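Chains as they are written, first to last, in the working numbering: chain C, 219 to 670; chain L, 219 to 670.
No residue lacks a Cβ here, since even glycine has one placed at the ideal position from N, Cα and C.
In this text the structure is predicted, and so the values were computed from the model without any measurement.
One structure is given here, and the rest of the page talks about it.
There are 2 protein chains.
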Amino acid sequence: MQRMKVDFNYAMKAFVECGLDDTALEKYREKARMGLSRLLRLVDEDKAGFVNLPGQDTSAMKKFAKEMSGKFNDLILIGIGGSSLGMETLCGALLPYGHNARSFSQRGAFPRVWVADNVDPAKISAILNECEPEDTFICVITKSGSTVETAANFNVIYEWLDEGAKEPKKHICTITDPEKGTLREISEKEGFPVFPIPDNVGGRFSVLSPVGLLPAALLGIDIDKLLEGAASVTRDKYEKIITLSSIYMYFMENGKNINVLMPYSSRLSSFADWYCQLWGESLGKRTDTDGNIVMFGSTPVKAVGVIDQHSQVQLFKEGPEDKVVTFIEVEKHEKDKKIMAEYDDYGYLEGHSLGELCNIELLTTEAALKNTGKPSVKISVDSLDEYTLGSLFMLWQYVVPVIGLACDIDPFDQPGVEEGKNYAYGLLGKSGYEDMKQKFEEIFTKRDDFIV
Amino acid sequence: MQRMKVDFNYAMKAFVECGLDDTALEKYREKARMGLSRLLRLVDEDKAGFVNLPGQDTSAMKKFAKEMSGKFNDLILIGIGGSSLGMETLCGALLPYGHNARSFSQRGAFPRVWVADNVDPAKISAILNECEPEDTFICVITKSGSTVETAANFNVIYEWLDEGAKEPKKHICTITDPEKGTLREISEKEGFPVFPIPDNVGGRFSVLSPVGLLPAALLGIDIDKLLEGAASVTRDKYEKIITLSSIYMYFMENGKNINVLMPYSSRLSSFADWYCQLWGESLGKRTDTDGNIVMFGSTPVKAVGVIDQHSQVQLFKEGPEDKVVTFIEVEKHEKDKKIMAEYDDYGYLEGHSLGELCNIELLTTEAALKNTGKPSVKISVDSLDEYTLGSLFMLWQYVVPVIGLACDIDPFDQPGVEEGKNYAYGLLGKSGYEDMKQKFEEIFTKRDDFIV
Numbered sequence: 219m220q221r222m223k224v225d226f227n228y229a230m231k232a233f234v235e236c237g238l239d240d241t242a243l244e245k246y247r248e249k250a251r252m253g254l255s256r257l258l259r260l261v262d263e264d265k266a267g268f269v270n271l272p273g274q275d276t277s278a279m280k281k282f283a284k285e286m287s288g289k290f291n292d293l294i295l296i297g298i299g300g301s302s303l304g305m306e307t308l309c310g311a312l313l314p315y316g317h318n319a320r321s322f323s324q325r326g327a328f329p330r331v332w333v334a335d336n337v338d339p340a341k342i343s344a345i346l347n348e349c350e351p352e353d354t355f356i357c358v359i360t361k362s363g364s365t366v367e368t369a370a371n372f373n374v375i376y377e378w379l380d381e382g383a384k385e386p387k388k389h390i391c392t393i394t395d396p397e398k399g400t401l402r403e404i405s406e407k408e409g410f411p412v413f414p415i416p417d418n419v420g421g422r423f424s425v426l427s428p429v430g431l432l433p434a435a436l437l438g439i440d441i442d443k444l445l446e447g448a449a450s451v452t453r454d455k456y457e458k459i460i461t462l463s464s465i466y467m468y469f470m471e472n473g474k475n476i477n478v479l480m481p482y483s484s485r486l487s488s489f490a491d492w493y494c495q496l497w498g499e500s501l502g503k504r505t506d507t508d509g510n511i512v513m514f515g516s517t518p519v520k521a522v523g524v525i526d527q528h529s530q531v532q533l534f535k536e537g538p539e540d541k542v543v544t545f546i547e548v549e550k551h552e553k554d555k556k557i558m559a560e561y562d563d564y565g566y567l568e569g570h571s572l573g574e575l576c577n578i579e580l581l582t583t584e585a586a587l588k589n590t591g592k593p594s595v596k597i598s599v600d601s602l603d604e605y606t607l608g609s610l611f612m613l614w615q616y617v618v619p620v621i622g623l624a625c626d627i628d629p630f631d632q633p634g635v636e637e638g639k640n641y642a643y644g645l646l647g648k649s650g651y652e653d654m655k656q657k658f659e660e661i662f663t664k665r666d667d668f669i670v
Numbered sequence: 219m220q221r222m223k224v225d226f227n228y229a230m231k232a233f234v235e236c237g238l239d240d241t242a243l244e245k246y247r248e249k250a251r252m253g254l255s256r257l258l259r260l261v262d263e264d265k266a267g268f269v270n271l272p273g274q275d276t277s278a279m280k281k282f283a284k285e286m287s288g289k290f291n292d293l294i295l296i297g298i299g300g301s302s303l304g305m306e307t308l309c310g311a312l313l314p315y316g317h318n319a320r321s322f323s324q325r326g327a328f329p330r331v332w333v334a335d336n337v338d339p340a341k342i343s344a345i346l347n348e349c350e351p352e353d354t355f356i357c358v359i360t361k362s363g364s365t366v367e368t369a370a371n372f373n374v375i376y377e378w379l380d381e382g383a384k385e386p387k388k389h390i391c392t393i394t395d396p397e398k399g400t401l402r403e404i405s406e407k408e409g410f411p412v413f414p415i416p417d418n419v420g421g422r423f424s425v426l427s428p429v430g431l432l433p434a435a436l437l438g439i440d441i442d443k444l445l446e447g448a449a450s451v452t453r454d455k456y457e458k459i460i461t462l463s464s465i466y467m468y469f470m471e472n473g474k475n476i477n478v479l480m481p482y483s484s485r486l487s488s489f490a491d492w493y494c495q496l497w498g499e500s501l502g503k504r505t506d507t508d509g510n511i512v513m514f515g516s517t518p519v520k521a522v523g524v525i526d527q528h529s530q531v532q533l534f535k536e537g538p539e540d541k542v543v544t545f546i547e548v549e550k551h552e553k554d555k556k557i558m559a560e561y562d563d564y565g566y567l568e569g570h571s572l573g574e575l576c577n578i579e580l581l582t583t584e585a586a587l588k589n590t591g592k593p594s595v596k597i598s599v600d601s602l603d604e605y606t607l608g609s610l611f612m613l614w615q616y617v618v619p620v621i622g623l624a625c626d627i628d629p630f631d632q633p634g635v636e637e638g639k640n641y642a643y644g645l646l647g648k649s650g651y652e653d654m655k656q657k658f659e660e661i662f663t664k665r666d667d668f669i670v
């Protein structure tokens, strides 16, 4: 059964003037095929571990989740970026909206879930104010073990746990490198249960590793079905991967430096954030693999249908020709609601449903963009569940590196985040970073007449 | 006391190669002054009502909020776009994180708040599943009275209220046009309390009208202080407005088609969404005021610090030179938390606080961007409260129209949203839109070989 479709009609010149003709499509498909074969070579060399995650053994996570079941009212996940966006996507898509507001029994004895990502005191204070240490389990997630925000939040939350829980160390598990790093050492010393992030899986490609799966299992999400959906993105779907990659490369090389992802579903709002990280951090690079300065990368933009029809769509439709929009359609919305028109003026709504209206508006937005010559692509899933979400994750995890590798860009590194981090270590007084503090002070000069 | 500062050092050529020199700054300032004088003329002609909102009488809203106080456990706000983003910003910035998860007493007898914006059945079902009709108050917000998503959600939620509440009509108030429209008629017929949106205040400029203020008052937010902060953006702050407008115009006209807003505070996450609507819908226009086709507008992008340092900052720093980043800094974070380093490896964090770390990371990201020649601007507020939030709203509500008017763009219309809406009416069978259905069907053709 085909649960996912890619419709690229309105990326084609046959429908939209700036789109691909058959020659361009074949040319960029060829390029995408090269990117895919480079990716598959990296997989063979064991350097792109995300591809193999669907085959992992999930029994330890499921066993742990079963042991924990019903024991805690709150789960605090400490992690940031690649260690938080994936599980926020899972929660947003698969838990009922307003999960944390529901009572314990309505949650099926699954905990409330809080994400301590930002070092924002208001957010962290509010979380700690709301939870009871004795009734809270925390999960610390950082591959390197040294992520500064995660370290800071872990220390603050540990202190809170230590003050309020009888056996604080029984309230902690960690997800980190399988062999090395600060958090690995601490976990082994303290006896925290620890789940490994495979060495060849980077943060933004880790949602289908324990980083996403363990929290998901603790929240009652069917992780095997997620992996089953992810596994479906193999040979029979290479056609989708190659098609999407070739279209995005064509538009990137033809003046469109903005890539909008616009799911028509509030449940996929966080998915668009996850996509922004995957795209931006993988493709935004100063140098190519030969060291030439290329300042590569188009900018991912999040939009949510139908909400952004009342916001960004005005710009998408009437503004500059600098974007390609990718819609995600959920063909059948769960728990759909029929509309009974209470007042005559709303009579035209009678008998339609909310989900139907949502999908009609997607079609009419597609049409309106097409009609002003703005290109779009549509990915449709028949419904939104663990399986299709798993396949959406895996689809994009292929598409982005295929584009990078086809364009001689390393999609798996992130050299640009180091500089700011090292200055921060310097300013915080971390030993070994004294020269970074000095360098920061040399760079960070300001003039008062440029402040109003 | 100066509670807000604008630092534009790293937008200047003195620090960043692509930035403004003194001549460019003066040229664009001149242009911005012209935009401002055009705006002030519109204000005189009573065509830009948002400027006068700080002077409005709030007593009816405060009285209503007082009467309602403690009477309901849940408040459902039905509205979308300009009728929802503003109050989501207010809630995100001024209510404690996780407000809805807190008990009635911890909320100070203020209700939980749910936003029925999207026509997403999963979201609406989850809200209705969690609330009790008898214990819920709803507020329907649409200026025209005919917004299709708001009409649909209102009808669905009204039916739910009608089935479960003894006197359903006592559970409803509306915010709409002062004189005309469907919702105005219904409200008068049914006796719903109704609060007016001034005729000369458009949706995306309405956060400081009852659209934002009434829900805020119902949630215990000090609306007078909000207005006081907004009022502070007058003559003494024109310098800030002109500076920001001139810088953004310079970069728009010099190859930067992306404007990033990056507050370093999770509380301002929704503020960035609000900004994206204001910027995108006001400036994204096909024609200028003389009717020339210009396809104007740069694209607003939301980022949240420090979270996006682990995501989009890689692209901002190393990718193409197509962006200007505006940071928002909160100088003093409330409820800050000192870090006690539990483990030696985290010893360098000892004695620092979360808020300090957050702000250090902002400085180091500024420095890292500067060091690769990427321009940025920084808006600082001394702390985040009703007053400074009100001034941030008003600052941007000036800056965006000043840019539009200086560039001969109408910042107050949104012609591009009509087409898709009319097709949708056609497809839903609304009388008078039969030709739109036909036109849609002519446009919306597809080829099967472009679907994989």
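- Inclusion of F226 of chain C and Q615 of chain C in the CB contact set at 7 Å is not warranted, their separation being larger than that value.
- Sequence-distant partners of T544 of chain C (beyond 5 residues in either direction) whose C-beta falls short of 6 Å from its own C-beta, in its chain, are L479, V595.
- Neighbours of Q532 of chain L in chain C, taken as residues at a C-beta separation under 7 Å, are given in chain order as G498, E499, G502, Q632, G634, V635.
- For M513 of chain C, the nearest beta carbon of chain L is closer than 7 Å to its own beta carbon.
- Of all residues in the region 575-600 of chain L, those with a C-beta nearer than 8 Å to a C-beta of chain C are L575, C576, I578, E579, L581, T582, T583, E584, A585, A586, K588, N589, T590, reading in chain order.
- One alpha carbon belongs to D239 of chain C, the other to I459 of chain C, and they sit about 19 Å apart.
- Boundaries of the alpha helix (DSSP H) around C494 of chain L: 487-501.
- Secondary structure note for V531 of chain L: its alpha helix (DSSP H) is the uninterrupted segment 531-536.
- Rounded to whole angstroms, the gap between the alpha carbons of K556 of chain C and N371 of chain L is 10 Å.
- In terms of Cα proximity to I525 of chain C, the closest of L:L346, L:D491, L:G515 is L:D491.
- In the DSSP secondary-structure assignment, E547 of chain L is bridged to L:S598.
- Against chain C, the CB of P538 of chain L has a partner CB under 7 Å away; the residue lies at that interface.
- Any Cβ of chain L closer than 7 Å to the Cβ of K553 of chain C would place that residue at the interface, and such an atom is present.
- The beta carbon of F668 of chain C sits closer than 7 Å to some beta carbon of chain L.
- If you ignore the 5 residues before and after K588 of chain C, its C-beta comes within less than 8 Å of the C-beta of Y228, F233, V234, S594, all in its own chain and listed in chain order.
- The beta carbon of D225 of chain C sits closer than 7 Å to some beta carbon of chain L.
- Within the DSSP secondary-structure output, C391 of chain C pairs in a beta bridge with C:C357.
- Among the residues facing chain C, A383 of chain L is not included, as its CB has no counterpart in that chain under 7 Å away.
- In this structure, S500 of chain L lies away from V617 of chain L, with their beta-carbon atoms at least 7 Å apart.
- Its chain contains N577, S598, V599, D600, S601 as the residues whose beta carbon lies nearer than 8 Å to that of E549 of chain C, once the 5 sequence neighbours on both sides are disregarded; these appear in chain order.
- Put simply, the CB of Y376 of chain L is near chain C, with a gap under 7 Å to one of its CB atoms.
- P339 of chain C and L295 of chain C have their C-alpha atoms roughly 16 Å apart.
- Ranking C:I342, C:K223, C:E244 by CA distance to the CA of Y468 of chain C puts C:E244 first.
- Looking at L:R402, L:D417, L:G420, the one whose alpha-carbon comes closest to that of F410 of chain L is L:R402.
- Around the beta carbon of E306 of chain L, 16 or more other beta carbons sit within 10 angstroms, so the residue counts as buried.
- Ranked by Cα distance from S302 of chain L, the options L:K384, L:P633, L:L607, L:L432 are led by L:L432.
- If you look at P481 of chain C, you'll find it in the beta strand (DSSP E) that goes 476-481.
- For A334 of chain C, the enclosing beta strand (DSSP E) begins and ends at 330-334.
- Looking at the DSSP output, T517 of chain L sits in a beta bridge with L:I476.
- At a C-beta separation below 9 Å, F611 of chain C has no neighbours in chain L, since its nearest C-beta there lies roughly 16 Å away.
- At a cut-off of 7 Å, the C-beta of T241 of chain L has no neighbouring C-beta in chain C.
- DSSP places V224 of chain L within a strand segment (E or B) once states are collapsed to three.
- At a cut-off of 3 residues, the continuous stretches assigned as beta strand (DSSP E) that sit fully inside the region 395-468 of chain C are 412-414.
- Between the alpha carbons of S255 of chain C and L613 of chain C lies a distance of about 16 Å.
- Taking C-beta separations shorter than 6 Å and ignoring five residues to either side along the sequence, Y376 of chain L has no partners in its chain.
- G237 of chain L has its alpha-carbon roughly 9 Å from the corresponding atom of I465 of chain L.
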